[in-house]
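In this text, residue positions in the sequence shown follow the working numbering: the first is 7, and each later residue adds one. To keep things clear, I will list the structure first and then write my remarks on it.
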Amino acid sequence: MKEQESTSTSFAVTGRNRLKRRHDRGRYDHEAVYAVLDASFLCHVAYVIDGQPYCTPTIHWREGDWLYWHGSSASRMLRALKGGTPVCLTVSHLDGLVLARSGFNHSANYRSAICFGTARIIDDPQEKAKALLGVVDRFYPGRAAELRQTHEQEAKATMVIGMRIEEASAKVRAAGVGDDEEDYGHPVWAGVIPVSTVVGAAQPCPRLLPGMEQSAGLAGYRAGRPLDEVLVEAQRLYEGEETTELVA
């Protein structure tokens, strides 16, 4: 049964989520953590089963302070989550390469979030059905209603995992070169090379029925747009907020 969402606006700072260095780059408020999570399509989930550590890359989506992901019901690792197990879920974005005048001061601009909680299999039929719609609508607003209904066997073959975020932190670097003062006179190029993932031109399926056009919910996925911006807008629409990009 899904627990009631927390009314706090920040995550408690504990020994698990407290930044050990560069405290100035850390944030513990929900807004900062959610901003990193919502701007990403993929996460990495780490957990230990029978003494063996695993780290699984997967698609994630957020509803309030809950995170969801899914996988095959045949997965031995996912079946081990049946009774609940502690997990650490991380998301990271590379935003720039920072080239300094010394190797030590080279760095990167980035956004990252680390979330802790107890992952459990979503067994409740209604909650699982809602989640299987959510994994589509969260990224492609309104698309689930356009698709054929999920077959019973498909639903049985898919396992949905949910985790309430118990503790979390975000860490961000968005700055220029940080050289030692005496190095600024060294004769070598220094600066920041921005990095981003952008949406490419859509490639229609060659077997499209005549007259099939993209629905309004895909309007944000225009060639050249930064993917993280599109994903954040899709999340806002999924939460019921208005957007100017994704609504026709």
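Think of the CB as a built atom: it goes at the ideal place given N, C-alpha and C, for glycine as much as any other residue.
Using 8 Å as the threshold, is the segment 169 to 177 in touch with the segment 35 to 48, meaning 3 or more CB pairs across them? yes
Put residue 112 into one of helix, strand or coil per three-state DSSP. Counted from its first residue, the sequence shown places residue 112 at position 106. Coil.
Neighbour-count burial assignment, residue 66, 16 or more Cβ in a 10 Å radius: In the sequence shown, the residue the question calls residue 66 occupies position 60. Looking at its Cβ environment, which holds 16 or more other Cβ atoms inside 10 Å, residue 66 is buried.
Reduced DSSP secondary structure (H/G/I, E/B, other) of residue 41: Within the sequence shown, numbered from 1, the residue matching residue 41 stands at position 35. Residue state, collapsed to three classes: helix.
What's the call for residue 250, buried or exposed, on a 16-neighbour Cβ count within 10 Å? Position 244 of the sequence shown, counting from 1, holds the residue named residue 250. Unreliable positioning characterises residue 250 in this predicted model, as indicated by a pLDDT of 35, which lies under 50. The coordinate reading is nonetheless provided below. Exposed.
Where the alpha helix (DSSP H) through residue 143 begins and ends: Here residue 143 refers to the residue found at position 137 of the sequence shown. Per DSSP, residue 143 belongs to the alpha helix (DSSP H) from 131 to 143.
Please list the terminal residues of the continuous beta strand (DSSP E) segment that includes residue 198. Taking the sequence shown and counting its residues from 1, the one referred to as residue 198 is at position 192. Where residue 198 is concerned, the enclosing beta strand (DSSP E) stretches over 197 to 200.
Given this structure, state the Cα-to-Cα distance separating residue 189 from residue 105, to the nearest angstrom. As a working note, residue 189 is residue 183 in the sequence shown. As a working note, residue 105 is residue 99 in the sequence shown. If you take the alpha carbons of residue 189 and residue 105, they lie about 13 Å apart.
Could you pull the DSSP bridge partners for residue 179 from this structure? Reading the sequence shown from its first residue, position 173 is the one you call residue 179. Answer by DSSP bridge pairing, in chain order: 116.
Is the distance from the Cβ of residue 103 to the Cβ of residue 114 below 8 Å? Here residue 103 corresponds to residue number 97 of the sequence shown, with the count starting at 1. Here residue 114 corresponds to residue number 108 of the sequence shown, with the count starting at 1. Yes, they are a contact pair.
How far does the alpha helix (DSSP H) with residue 158 in it reach, from first residue to last? Working through the sequence shown from its first residue, we reach residue 158 at position 152. Unbroken alpha helix (DSSP H) run through residue 158: 158 to 163.
Cβ neighbours of residue 237 in the same chain (closer than 8 Å, five flanking residues each side left out): To locate residue 237, count along the sequence shown from 1; it is residue 231. For residue 237, where only same-chain residues beyond five positions count, the Cβ hits under 8 Å are 44, 45, 46, 47, 145.
Assuming the contact rule is C-beta atoms closer than 8 Å, residue 228 and residue 122 should be a hit. Round their C-beta distance to whole Å, please. In the sequence shown, the residue the question calls residue 228 occupies position 222. In the sequence shown, the residue the question calls residue 122 occupies position 116. In fact, because the Cβ distance is near 36 Å, the residues do not count as touching under 8 Å.
Which stretch, first to last residue, makes up the beta strand (DSSP E) that contains residue 100? The residue you call residue 100 lines up with position 94 of the sequence shown. Segment 91 to 105, the beta strand (DSSP E) holding residue 100.
How about residue 163 and residue 78: do their beta carbons lie closer than 8 Å? In the sequence shown, the residue the question calls residue 163 occupies position 157. In the sequence shown, the residue the question calls residue 78 occupies position 72. Yes, the Cβ-Cβ distance between residue 163 and residue 78 is below 8 Å.
Let's test the definition: count the other Cβ atoms within 10 Å of the Cβ of residue 191 and tell me whether it reaches 16, buried, or not, exposed. One-based indexing of the sequence shown puts residue 191 at position 185. So residue 191 counts as exposed.
Rank 142, 152, 169, 222 by C-alpha distance to the C-alpha of residue 89 and give the top, closest one. Start at 1 with the first residue of the sequence shown, and residue 89 comes out as number 83. Nearest C-alpha to residue 89: 169.
Just the C-alpha distance for residue 16 and residue 24, rounded to the nearest angstrom, thanks. Position 10 of the sequence shown holds residue 16. Position 18 of the sequence shown holds residue 24. The straight-line gap from Cα to Cα measures roughly 13 Å.
Report the option in 19, 93, 208 whose CA atom is closest to the CA atom of residue 50. As a first step, residue 50 is located in the sequence shown; it is residue number 44 there, counting from the start. Residue 93 is the option with its Cα nearest to residue 50.
Inspect the CB distances between the segment 62 to 76 and the segment 136 to 144 and report whether three or more fall short of 8 Å. yes
Measuring straight from C-alpha to C-alpha, what distance separates residue 69 and residue 195? Within the sequence shown, numbered from 1, the residue matching residue 69 stands at position 63. Within the sequence shown, numbered from 1, the residue matching residue 195 stands at position 189. So the alpha carbons of these two residues sit roughly 45 Å apart.
In whole angstroms, what separates the C-alpha of residue 181 from that of residue 75? Against the sequence shown, residue 181 aligns to sequence position 175. Against the sequence shown, residue 75 aligns to sequence position 69. Distance between the alpha carbons of residue 181 and residue 75 is about 32 Å.
DSSP puts residue 56 in a beta bridge; with which residues? In the sequence shown, residue 56 corresponds to position 50, counting from 1. None; residue 56 has no bridge partner.
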